[in-house]
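Chains as they are written, first to last, in this note's numbering: chain A, 67 to 244; chain H, 2 to 278.
Every residue, glycine too, gets a C-beta built ideally from N, C-alpha and C.
Because the structure is a prediction, the values reported are computed rather than measured.
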Amino acid sequence: MNFNIKRIVATAIGAAVFFLLARFVSIPIFANTNLTLQYAVLGFFAAVFGPIVGLLIGLIGHALTDLAFGWGIWWSWVIASAVVGLLAGFIMKAGKVEDGIFGKIDAVRFVIGSLIVHAVSWGVVAPCLDILIYAEPADKVFVQGLIAGAGNFVFTAIVGTLLLLGYSKTRVKPESLE
Amino acid sequence: MALFGYIPRNSQVHRLTGATKLIFTLALSIAAMITFDTRFIAFVIALSIILFAISKVRLSELKAVLVFITIFLVINNVAIFLFAPEHGVMIYGTRHELLRISGRYALTYEQLFYQLNVTLKYFAIVPVALIFFLTTEPGEFASSLNTIKVHYKIAFAVSLAMRYIPDVQRSFREISQAQQARGVDISKKASLKARVGGILTILFPLVFSSLDKIEMISNAMELRGFGRLKRRTWYSARAFSKWDFAVITVSLLCVGLSVLTLIVNGGRFYNPFTNPF
């Protein structure tokens, strides 16, 4: 898959939306952990535009968010976000949603796929990197990761699916003239 | 609202190229991440204080951020202590109790020293990143990324993202006001469920209008022949001066020094408990 102009722009706009949601639309729930909607949008963009766009939106969006908050880039979680985007890009078949195809099976596939993606990123990648880079205690980072991961998954499953459904309705199917 | 508070001033730090400052920031973050050697981290903090003094950025301009960081660190430290009060003992291998609290909670010198290191580490990384952002023009950022060999298409995506954040923010505000006029409440007064629902009625139009933007911008770029060649030049790119080379050398030395502490300490932690000075 090539990184064409549309994907470049999708990366940029996706990162801007991710940033906005992370920076201004959040509900704090636990020590330095917020419940936010940006992962629903990340899952949506990754499903529509593929893994590379997903990876870059996670990376750029999260890094810009950290910088704008002024707390320096917390690399372990930035990388975890990038992993979410990358893996989420593999859930749906490339270009399928853009062709207006998103049925019940696709929705189930997206939800189950998201569960795996978020479990891997927040249950494994983020805490392990926290321990590796910042030598934080294991209990703390796993609890933080699981809480954030659960919230992110729930929003991605509900909001992301609705976004995909809405988007697929606006697309023209390839054989619609036949 | 200013997101990336670039403060134009005439200082030596401002005159450095964006690429140099990016390398310096990345190198120091990496160096401070690798090791937990208190002496080295203190050295990095001293370096960033010097940098701060040269940059002519005023302390009052950082006040909001500093308050925020302090709150973040307090919460983080409390969380670490609640979850693992004996983490320091585990790392340093000795136990010097200072104060018995109750149950499994006791304050030890090792825990205090470990949490001091976590906090200092944080103070070593944050100000450098902050100074970088306050003294680098946003337009120069993309060219800096390209200078350190990030592909120009990705560098361009970053600068495009920064360019469109205010636009997306404006659409968000417009949609939000339109929905509020229809009676959607997203303020703190509404219940959690109503708030989430309210935010969703804003999110959907926002995402779909963003998708329209993607079509429009990518068509405009395609018409102008973006991405046809393997390389591109940058309007804001500048040539390196001798100061730039000096700063890059210092950055690389810091990384080297950080790796050296690993060898000297035989691990990531400097342990004052078993081998005093």
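With contact defined as three or more Cβ pairs closer than 8 Å, the region 112-130 of chain H and the region 222-242 of chain A are not in contact.
Residue ranges of uninterrupted beta strand (DSSP E) with 3 or more members are absent from the region 111-176 of chain A; none lies entirely inside it.
In the three-state reduction of the DSSP assignment, R225/H falls in the coil class, being assigned neither a helical nor a strand state.
Looking at the backbone, the Cα of F157/H and that of A129/A are separated by about 16 Å. Comparing alpha-carbon positions, the option among V83/A, I182/A, D205/A and L229/A lying closest to F173/H turns out to be V83/A.
Three or more beta-carbon pairs separated by less than 8 Å link the region 217-237 of chain H to the region 70-81 of chain A, which places the two stretches in contact. The Cβ of Y200/A sits closer than 8 Å to at least one Cβ of chain H.
Listed by position along chain A, the residues whose Cβ is nearer than 8 Å to that of I8/H form an empty set, because the closest Cβ is around 14 Å away. In the three-state scheme derived from DSSP, where H, G and I count as helix and E and B as strand, F82/H is classed as helix. Residue environment for F208/A: buried (at least 16 other C-beta atoms within 10 angstroms of its C-beta). Here DSSP, grouped into helix, strand and coil, assigns E62/H to helix.
For the C-beta of A78/A, the chain H residues within less than 9 Å are, from N- to C-terminus, F157, A158, V159, S160, L161, A162, M163, R164, Y165, I215 and I218.
Contact between the region 16-26 of chain H and the region 235-253 of chain H is present, with at least three C-beta pairs closer than 8 Å.
For P203/A, the neighbours in chain H by C-beta distance under 7 Å run, in chain order, I81, F84, A85 and H88. In this structure G127/A is in contact with Q104/A, their Cβ atoms being roughly 7 Å apart against a cut-off of 8 Å.
Secondary structure within the region 83-155 of chain H: the beta strand (DSSP E) runs of 3 or more consecutive residues, fully enclosed, are 98-103 and 106-109 (chain order).
Looking at V225/A, T77/A, G116/A and A76/A, the one whose alpha-carbon comes closest to that of K159/A is G116/A. Beta-bridge partners of F37/H (DSSP): F270/H. Sequence-ordered contacts of the region 227-254 of chain H with chain A read F227 and G228 [C-beta pairs closer than 9 Å]. Distance from I176/H to L207/H at the Cβ level is roughly 6 Å; contact confirmed, criterion being Cβ atoms closer than 8 Å.
Taking 9 Å as the upper bound on Cβ-Cβ separation, chain A lies near residues L193, R196, V197, I200, L201, I203, L204, F205, L207, V208 and F209 of the region 192-209 of chain H. Taking each of R105/H, L204/H, P86/H and A162/H in turn and checking the Cα distance to A179/H, the smallest one comes out for L204/H. Look at K206/A: its C-beta is under 8 Å from a C-beta on chain H.
DSSP, reduced to helix, strand and coil, places G184/H outside both helices and strands of the structure shown, so it counts as coil. Contact between A28/H and L261/H is absent: CB atoms are separated by about 14 Å, not below the 8 Å threshold. Secondary structure note for Y7/H: it is in no alpha helix (DSSP H), with a DSSP letter that is neither H nor E.
Sorting I166/H, P128/H, V129/H and G94/H by C-alpha distance to the C-alpha of Q112/H places G94/H at the top. Listed along the chain, the chain H residues whose CB falls inside 7 Å of the CB of L195/A amount to none; the nearest CB is some 10 Å away. Exclusion of the five residues before and after A107/H leaves E98 and R101 as the residues of its chain whose Cβ lies within less than 6 Å of its Cβ. Taking a C-beta distance under 8 Å as the contact criterion, I70/H and V127/H qualify as a contact pair. Close CB contacts of F219/A within its chain, under the 7 Å cut and outside five residues either way in sequence, are with S180, L181 and H184 (chain order). In this structure, DSSP gives P240/A a state outside helix and strand, which the three-state scheme calls coil. Nearest Cα to F176/A within the set S242/A, F85/A, P203/A and A113/A: A113/A.
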